[in-house]
Amino acid sequence: MTLQVFDLSAIRSGQAILHPTSLSIELGTRIGLVGSSGSGKSTLGHAIVDALRAQNKRVAHVPQSPDEALDPLRSFKFHWHEAERALDLAHDVSKQRTLFSALKIEDADLRKRPWSWSRGMQQRFVIAMALIGTPDLIVLDEPTSALDPIVAAKTMELLRDHLADKDVAMLLITHDLGLATQHVDRLIVLDKGKVVEDASTHGILVAPKSPAAKSLSTHRSWLSLPC
Amino acid sequence: MKIVIGLFLRASVVLTGIALATFALLWNAPGDPALAIALARYDAIVTPDLVNEIREQAGFNAGFWPAFQAWFGPILMGDFGNSSVNGRPVLPDLMSSVSYTFPLGIAALAIGMALSLPLAILSTKRPGGWLDRFAIAVASIGNAIPAYWLGLLLILLFAVQLAWLPAMGARTPSHAILPALTLGLGVAASLTRIIRSGILEARGQSFLPALSRRGVPQNSISKDHIALHAAIPVVTVFGLELAFLLEGLVMVEVIFARPGLGSFLVEAIGARDFPKVQAAVLLTALIFVVVNLLIDLFYKVLDPRIGDHDA
Ligand SMILES: Nc1ncnc2c1ncn2[C@@H]1O[C@H](COP(=O)(O)OP(=O)(O)OP(=O)(O)O)[C@@H](O)[C@H]1O
Ligand SMILES: [Mg+2]
């Protein structure tokens, strides 16, 4: 099956920040969405999630910042139960424990509210929440930018293992080409709210066509990165 | 626990300060308190000798500090002294007037909440819609109308014209309906605006879109998240709301000729009955301090970002 969205666009304060964009995403594929800061990656991510939800597709979304994901007045426990209820799932302690230990937040106090965990821990909690169910697509908006390199690598590994035997597509939003080369087979390059390139990761790295892709690959020594 | 002790310390400091300030105000008020007491006591021509005797008796001849100590010392032991007009102990009279005022205040708050909460929720269904504008208009008018005017209006309509309800006194519970309504409408007017803007602000929270994207149903989002965030400004202004309510209570008790804290205070001030005035002011201050203490505690539970607290 293929997920398809048509003519997604976004206008903020009278300005088009996302020009009409259509995409198809094969189930089980890993796609990277790259582009410079402010190019509209998060905006496109939101638009894709909302459009697919409107088509009754199951989508999980990890926002760029935990502030956009968690209610500061509610405990982690509350968020977890709420996320399970939203998916019509019964509370599964062993699944929760597995995810938490994989993300190294198993010792943290779930009765606390977001404020009292570090941002990196909050981010990992949000990633764990996104992995509760089995969606058609999981959109991760710079999931590792608040994490240290070791935890970031572990987190990406967990994601890879978690998605390995499932028919779940992944859209990884990042401005880190190094991260993208490790984890995705297809790259979408965004520039000023427009898709300027959409090809295999290898193809774009070897022969970038658009100026945006060229500048991304020259300004990032992606081969030397740990993840 | 540490928080609680700290709050209590703060409360005692505030109360002592208020006691000192009211005493100083009364002490320095223009006019001769001894003469006023003599007039209130004998209601006839009073001789200078009599006035002097009262002055000596009431301790006005001693300095400020001895007089303050003579009054405040026993209060710490729970003794509020005797009325300087009729010589009766102040505390029982004060308590009996509170027994009229307290239920009235609670009823007014209940009416205010019962009206403002649904009105605010309805008005935010479609911000800027006709219902919203209507609610804002009603709330603004309600805020602008003083309690004495609204009270008289209600008396004219329900007691004089329709003769449905009694207006004066406090003999039966139905005597409390018009005063409670007068105050309750005022409370509702200001609460509606606060709850409305609280809800609208809570709706702008940046984490809300993520909840919908996670599949949380809209009514759960409203109930579990927006309501909690909207409650914070309401709790914050509750102390202020109480101040307006107490002010309104004094006015309404006088208009409806009800016994109560307001009438107690007005009478005592007229007679320069210092012990009574002091006791009433101190009690009001105590209510204030206790309510604000509770608000502080509640606030800390509600929003852990204020101070440190585990939920
Ligand atoms: N409410 C808004 N009003 C005006 N402009 C906005 C608004 N929200 C976003 N934008 C603009 O839209 C553009 C795209 O924003 P977006 O957050 O999608 O970028 P991004 O590629 O995710 O950037 P980053 O890598 O920094 O996360 C930015 O130029 C931003 O200034
Ligand atoms: Mg972004």
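Here the protein sequences line up with chains A and B, keeping their order.
According to the working numbering, the stretch in the first sequence is residues 322 to 548, in order.
According to the working numbering, the stretch in the second sequence is residues 16 to 326, in order.
Every residue, glycine too, gets a C-beta built ideally from N, C-alpha and C.
Please read all numbers here as calculations on a predicted model, not as lab measurements.
#1: On the three-state DSSP scale, how would you describe Gly-15/B?
#2: Reducing DSSP to helix, strand and coil, say where Ala-326/B ends up.
#3: Mind checking Thr-187/B: buried by the 16 CB within 10 Å criterion, or exposed?
#4: What does DSSP give as the partner residues of His-382/A in its beta bridges?
#5: Given the structure, does Lys-362/A come close to ligand 1, in the sense that its CB is under 7 Å from one of the ligand's heavy atoms?
#6: I need the straight-line Cα distance from Pro-387/A to Ser-466/A, nearest angstrom please.
#7: For the pair the region 94 to 111 of chain B and the region 171 to 181 of chain B, tell me if three or more CB-CB distances fall below 8 Å.
#8: Please determine whether the Cβ atom of Gln-503/A lies at a distance below 7 Å from any heavy atom of ligand 1.
#9: Which chain B residues are close to Glu-405/A, counting only those with a beta carbon under 8 Å from its beta carbon?
#10: Assign Phe-23/B to one of two classes, buried (16 or more other C-beta atoms within 10 Å of its C-beta) or exposed (fewer than that).
#11: Against chain B, does Leu-391/A count as a neighbour if the rule is that its beta carbon must be under 8 Å from one of theirs?
#12: List, in chain order, every chain B residue whose beta-carbon is nearer than 9 Å to that of Val-326/A.
#13: Does chain A have any CB closer than 8 Å to the CB of Val-250/B?
#14: Going along the chain, which residues of the region 206 to 232 of chain B sit with their C-beta nearer than 9 Å to a C-beta in chain A?
#15: What would DSSP say about Gly-263/B, mapped onto helix, strand or coil?
#16: Cβ of Gln-385/A within 7 Å of any heavy atom in ligand 4?
#17: Counting along the chain, where does the beta strand (DSSP E) carrying Met-491/A start and finish?
#18: CB of Ile-352/A to nearest heavy atom of ligand 1: below 7 Å?
#19: Taking the alpha-carbon positions, what's the Arg-445/A to Met-491/A distance?
#20: Would a check of beta-carbon distances place Met-243/B closer than 8 Å to chain A?
#21: Cα separation between Pro-384/A and Val-252/B?
#22: Apply the 10 Å Cβ neighbour rule to Gln-325/A and answer buried if 16 or more other Cβ atoms are within range, or exposed otherwise.
#23: For Pro-104/B, list the residues DSSP reports as bridge partners.
#24: Would you call Val-316/B buried or exposed, if buried means 16 or more other Cβ atoms sit within 10 Å of its Cβ?
#25: Within 10 Å of its beta-carbon, does Tyr-361/B have 16 or more other beta-carbons around it, so buried, or fewer, so exposed?
Short version:
#1: Because residue 15/B is not part of the residues shown, which for chain B are 16 to 326, the question remains open.
#2: Stepping through the second sequence from its first residue, residue 326/B is reached at position 311. Model confidence at Ala-326/B stands at a pLDDT of 40, short of 50, so the residue's coordinates are unreliable and nothing is read from them.
#3: As a position in the second sequence, residue 187/B is number 172, starting the count at 1. Burial call: exposed.
#4: Taking the first sequence and counting its residues from 1, the one referred to as residue 382/A is at position 61. His-382/A pairs with Val-460/A.
#5: Taking the first sequence and counting its residues from 1, the one referred to as residue 362/A is at position 41. Yes, Cβ of Lys-362/A sits closer than 7 Å to a heavy atom of ligand 1.
#6: Against the first sequence, residue 387/A aligns to sequence position 66. Against the first sequence, residue 466/A aligns to sequence position 145. Taking the straight line from one Cα to the other gives about 11 Å.
#7: Two segments are said to touch when three or more pairs of C-beta atoms, one from each, lie closer than 8 Å; by this definition the region 94 to 111 of chain B does not touch the region 171 to 181 of chain B.
#8: Start at 1 with the first residue of the first sequence, and residue 503/A comes out as number 182. A distance criterion of 7 Å places the beta-carbon of Gln-503/A beyond contact range of ligand 1, judged by its closest non-hydrogen atom.
#9: Reading the first sequence from its first residue, position 84 is the one you call residue 405/A. Those within 8 Å of Glu-405/A in chain B number zero; the least Cβ separation is about 10 Å.
#10: Along the second sequence, read from residue 1 onward, the residue named residue 23/B stands at position 8. Exposed is the call here.
#11: Position 70 of the first sequence, counted from the start, is the residue given in the question as residue 391/A. Taking 8 Å as the CB threshold, Leu-391/A lines the interface with chain B.
#12: Stepping through the first sequence from its first residue, residue 326/A is reached at position 5. The premise fails here: Val-326/A is roughly 14 Å from chain B at the closest Cβ pair, so nothing lies under 9 Å.
#13: Counted from its first residue, the second sequence places residue 250/B at position 235. With 8 Å as the cut-off, Val-250/B does not count as an interface residue toward chain A.
#14: Along the region 206 to 232 of chain B, the positions whose C-beta sits under 9 Å from a C-beta of chain A are Gln-220, Ser-221, Phe-222, Leu-223, Pro-224, Ala-225, Leu-226, Ser-227, Arg-228, Arg-229, Gly-230, Val-231, Pro-232, read in chain order.
#15: As a position in the second sequence, residue 263/B is number 248, starting the count at 1. Three-state result, Gly-263/B: helix.
#16: Among the ligands modelled here, namely ligand 1 and ligand 2, ligand 4 does not occur.
#17: Residue numbering aside, residue 491/A sits at position 170 when the first sequence is read from its first letter. Where Met-491/A is concerned, the enclosing beta strand (DSSP E) stretches over 490 to 494.
#18: As a working note, residue 352/A is residue 31 in the first sequence. No; taking the cut-off as 7 Å, the Cβ of Ile-352/A has no heavy atom of ligand 1 nearer than that.
#19: Stepping through the first sequence from its first residue, residue 445/A is reached at position 124. Stepping through the first sequence from its first residue, residue 491/A is reached at position 170. Distance between the alpha carbons of Arg-445/A and Met-491/A: 17 Å.
#20: As a position in the second sequence, residue 243/B is number 228, starting the count at 1. Per the sequence shown, residue 243/B should be read as Leu rather than Met. Yes, contact with chain A.
#21: Numbered from its first residue, the first sequence carries residue 384/A at position 63. Numbered from its first residue, the second sequence carries residue 252/B at position 237. The C-alpha of Pro-384/A lies about 34 Å from the C-alpha of Val-252/B.
#22: Residue numbering aside, residue 325/A sits at position 4 when the first sequence is read from its first letter. Gln-325/A should be labelled exposed.
#23: Translated into positions along the second sequence, residue 104/B becomes position 89. Beta-bridge analysis with DSSP links Pro-104/B to Asn-97/B.
#24: Translated into positions along the second sequence, residue 316/B becomes position 301. With a threshold of 16 other beta carbon atoms within 10 Å, Val-316/B falls short and is exposed.
#25: Any answer about residue 361/B is impossible in this case: the structure gives chain B only from 16 up to 326.
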